[in-house]
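What follows is one structure encoded as structure tokens, with my remarks underneath.
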Amino acid sequence: MHHKVILGLVLMLVLIISGLFFFNSNNATTDKQQEDVKTIIAEDINVENAIIHTIKYTSDGFSPKVVEIQKGDIVKFTNDSGSGMRVASAIHPIHSQYPQKSDNDCLGSSFDSCDVTQSGESWSFTFNEIGEWGYHNHVRATKRGTVIVN
Ligand SMILES: [Cu+2]
């Protein structure tokens, strides 16, 4: 008799635990699907409403030093310094922090102007990778900034 009670309790416990597991995994799937839908909507909006953010480079460095943008936005780096500017992803000198890469890249990532942008000119880059991306002027690598992509 006593054994049957214990067996019953163990069976109930197993049922409760497996039920919880099922409920949790179901919930996780729903959250993931909702997240995917949100991402797709956000991507559509960003493609249509891409904003151009301007970062000015002078002899004092990049200004503003930190910009926060949305995925798909464009950052226009204008060279007002009187000397050369080559915007490139951290980390100097290999430029491989930014994850987007292609065969056309001159070094470690696509976030690299490769050519020197002369004073009075600008170089623009579209950020499609979410994260916090450091960059610098490759011809004067102590001048740095950060682009935060949400
Ligand atoms: Cu560099």
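Position one of the sequence shown corresponds to residue 3 (this note's numbering), numbered consecutively onward.
Quick reminder that beta carbons are idealized off the backbone N, C-alpha and C, glycines included.
All figures in this text were calculated on a predicted structure; none of them were measured in a lab.
Inset, instruction - Using DSSP bridges, identify the partner residues of Lys78. - result: As a working note, residue 78 is residue 76 in the sequence shown. DSSP, once it has assigned bridges, lists Thr56, Ser126 as partnering Lys78.
Legend entry - Close beta carbons around Asp82, own chain, < 6 Å, minus the five adjacent residues each side: Taking the sequence shown and counting its residues from 1, one reaches residue 82 at position 80. For Asp82, where only same-chain residues beyond five positions count, the Cβ hits under 6 Å are Lys58, Thr60.
Legend entry - Near ligand 1: Ala52 beta-carbon under 8 Å from a heavy atom: What you label residue 52 is simply residue 50 of the sequence shown in a count that begins at 1. Because no heavy atom of ligand 1 lies under 8 Å away, the Cβ of Ala52 does not count as near it: no.
Inset, instruction - Mind listing which residues have their beta carbon within less than 5 Å of any non-hydrogen atom of ligand 1? Chain order is fine. - result: Ala90, His94, Pro95, His140
Inset, instruction - Give the DSSP-derived three-state secondary structure of Lys6 in the structure shown. - result: As a working note, residue 6 is residue 4 in the sequence shown. Correct three-state label for Lys6: helix.
Legend entry - Of the residues Ile96, Asp105, Asn51, Gly133, the one placed nearest Asn139, counting alpha carbons only: Counting from one through the sequence shown, the residue named residue 139 turns up at place 137. Measuring from the Cα of Asn139, the nearest candidate turns out to be Ile96.
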